[in-house]
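Trainee: Take 871 as the starting number for the sequence shown in our numbering and just add one per residue.
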Amino acid sequence: MKYTHLYGPVQSRRLGLSLGVDMMPLKVCTLDCAYCECGKTTQLTIERKEYVSGDEIIAELSDYLQKKPILDYITFGGSGEPTLNTALGTCISFIKKEFPQYKTALLTNGTLFTLPEVRAEVMSVDLILPSVDAISDEAFSKVNRPHPSLDNRCILEGLKSFSTEYKGNLWLEIFIIPGVNDNPEELSRFKSYLLEIKPTRVQLNSLDRPGAYEWVKVASAETLKKIAEFFFPLPVEIIARNSRDVPQNEIPGVDTEQTILSLLRRRPSTIEELSSVSGITINRLSVLLDKLIKQGIADSKRVGNQCFYYQNRTIL
């Protein structure tokens, strides 16, 4: 079977060896976050519907998981906001019923946790990783660029309500953008809110690959360390790249070029990351990436001392 909605397994800095499940078309989201590694949102919406067929996703999961792969997590995420897809709950239930040996994770911006039905659909997920990048309306507007009908206070209350019901692990991510959400007032608001919802972990993140907007800058290691100290006694960690070795296995049924393109379409990646995920040697990947760049299918960009490759959006 050729997999359209599964990607990886990928080496995740937070989740170990993770099989990704893409519930959404490219960049259909409730937010247009300035830092998003998937690029600018192309469809800003809060409408829930079956954007991607749940039956198709379940068929792919069934085919792949029957092979009994070694995985740390099956992760619902991808290139849009997964809770927009009304088939999410059905897909989660399928894994829990048919393949209970696998842990599930959900990457979400948490904007739809205001809806009781969304909270109910994801309640059985083992690990939920919501992002909260701002407490004040001003910072929320600048960092997350939300759909006009979204209210940040309601979103924060929705996540708080979920945290009181949820029995799994809640790892809350804060993406720090210097000059926007790292001032003393905003950090104090963050700390008060975090002490209320009591996440299992608080993860501080900053730009490490090309974001959607050029003005977003990298937070220094010193800045992140000071923020972590300020948040004490909360369980804070600064996210760093995971150096864990990953078994180099391609997903069966997907050719090399399409495997690489499916990864680049969802997120910019270094050649080392692509090698870990695909099992392709760096020398062979270098030839393939040069070919894709010459064809105008892919491109590259330097961030700091690293070179990231990504799919050229003009061909989509």
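By construction, the Cβ of each residue, glycine as well, lies at the ideal position given by its N, Cα and C atoms.
With distances taken Cα to Cα, identify the nearest neighbour of residue 890 among 1145, 1058 and 943.
Mentor: Measuring from the Cα of residue 890, the nearest candidate turns out to be 943.
Trainee: Pop quiz: residue 1093 and residue 1054 are said to be a contact at Cβ under 8 Å. What is the actual Cβ separation, rounded to whole angstroms?
Mentor: With 8 Å as the limit, residue 1093 and residue 1054 do not qualify as a contact, their Cβ atoms being about 12 Å apart.
Trainee: Using a Cβ-Cβ cut-off of 8 Å (strictly less than) and excluding sequence neighbours within five positions of residue 874, which residues of its own chain qualify?
Mentor: Within the same chain, residue 874 has close Cβ partners 926 and 930.
Trainee: So what's residue 921 in DSSP terms, helix, strand or just coil?
Mentor: Looking at residue 921 - three-state DSSP - the assignment turns out to be coil, as it is neither helix nor strand.
Trainee: For the structure I just gave you, are there three or more beta carbon pairs, one from the stretch 990-1002 and one from the stretch 1038-1045, closer than 8 Å?
Mentor: Yes, the stretch 990-1002 touches the stretch 1038-1045.
Trainee: By Cβ distance below 6 Å, which residues in the same chain neighbour residue 1164 in space, the five residues on each side in sequence not counted?
Mentor: Counting only Cβ-Cβ distances below 6 Å, and skipping sequence neighbours, we find nothing.
Trainee: Indicate whether residue 1009 and residue 1075 have their beta-carbon atoms separated by less than 7 Å.
Mentor: No, these two residues do not count as a Cβ contact at 7 Å.
Trainee: Entirely within the stretch 955-1026 and at least 3 residues each: give me those beta strand (DSSP E) ranges in chain order.
Mentor: Within the stretch 955-1026, the complete beta strand (DSSP E) runs of at least 3 residues are 974-978 and 997-1000.
Trainee: Just the C-alpha distance for residue 1119 and residue 1128, rounded to the nearest angstrom, thanks.
Mentor: Residue confidence is low: residue 1119 scores 46 on pLDDT, short of 50, so the model does not pin down where it sits. No coordinate-derived value is stated.
Trainee: Is there contact between the stretch 968-975 and the stretch 906-920, where contact requires at least three CB pairs shorter than 8 Å?
Mentor: Result no; under three Cβ-Cβ pairs closer than 8 Å.
Trainee: Within a Cβ cutoff of 8 Å, which residues of the same chain sit near residue 1142, ignoring the five residues on either side of it in sequence?
Mentor: Here the set comprises 1152.
Trainee: Helix, strand or coil: which one does DSSP assign to residue 945?
Mentor: Three-state DSSP puts residue 945 in a strand.
Trainee: Could I get the ranges of all uninterrupted beta strand (DSSP E) runs contained in the stretch 871-925, with 3 residues as the minimum, in chain order?
Mentor: With a minimum length of 3 residues, the continuous beta strand (DSSP E) runs that stay inside the stretch 871-925 are 876-882 and 886-892.
Trainee: Please classify residue 1059: does DSSP put it in a helix, a strand, or coil?
Mentor: Helix, per DSSP.
Trainee: In this structure, how does DSSP classify residue 1123 when only helix, strand and coil are distinguished?
Mentor: Per-residue confidence for residue 1123 stands at a pLDDT of 40, beneath the threshold of 50, marking its modelled position as unreliable; the derived number appears in the next sentence. Three-state result, residue 1123: coil.
Trainee: Let me know the secondary structure DSSP gives residue 1074 once reduced to three states.
Mentor: Residue state, collapsed to three classes: strand.
Trainee: Nearest to residue 953 by CA position, among 937, 973 and 981, is which residue?
Mentor: Nearest option by C-alpha distance: 981.
Trainee: Tell me which same chain residues have a C-beta within less than 8 Å of the C-beta of residue 1095, skipping the five on either side of it?
Mentor: Hits under 8 Å: 1108.
Trainee: Take the Cβ of residue 986 as the centre, count every other Cβ of all protein chains shown within 10 Å, and call the residue buried at 16 or more, exposed below.
Mentor: Burial call: exposed.
Trainee: Where does residue 897 land, buried or exposed, given buried means 16+ other C-beta within 10 angstroms?
Mentor: Under this definition residue 897 is a buried residue.
Trainee: Taking C-beta to C-beta, are residue 993 and residue 950 nearer than 7 Å?
Mentor: No.
Trainee: So what's residue 1150 in DSSP terms, helix, strand or just coil?
Mentor: If DSSP states are grouped into helix, strand and coil, residue 1150 belongs with coil.
Trainee: For the candidate residues 935, 989, 991 and 961, whose alpha-carbon lies nearest to that of residue 836?
Mentor: With the chain running from 871 to 1186 in the structure shown, residue 836 is simply not present.
Trainee: Out of curiosity, what's the CA-to-CA distance linking residue 1023 and residue 1016?
Mentor: If I take the Cα positions, the gap works out to 13 Å.
Trainee: State the DSSP-derived secondary structure class of residue 951, mapped to helix, strand or coil.
Mentor: The answer is coil: DSSP assigns residue 951 none of H, G, I, E or B.
Trainee: When you compare only the Cα positions, how much space is there between residue 991 and residue 1103?
Mentor: Roughly 31 Å between the two C-alpha positions.
Trainee: Suppose you measure from the CA of residue 1086 to the CA of residue 904; what does that come to, to the nearest Å?
Mentor: Computed Cα separation, rounded: 7 Å.
Trainee: Report the residue from 976, 907 and 886 whose alpha carbon sits nearest the alpha carbon of residue 1173.
Mentor: The residue with the shortest Cα to Cα distance from residue 1173 is 907.
Trainee: Thinking C-beta only, is residue 1067 closer than 7 Å to residue 1033?
Mentor: Yes, the pair counts as a contact, with Cβ atoms nearer than the cut-off.
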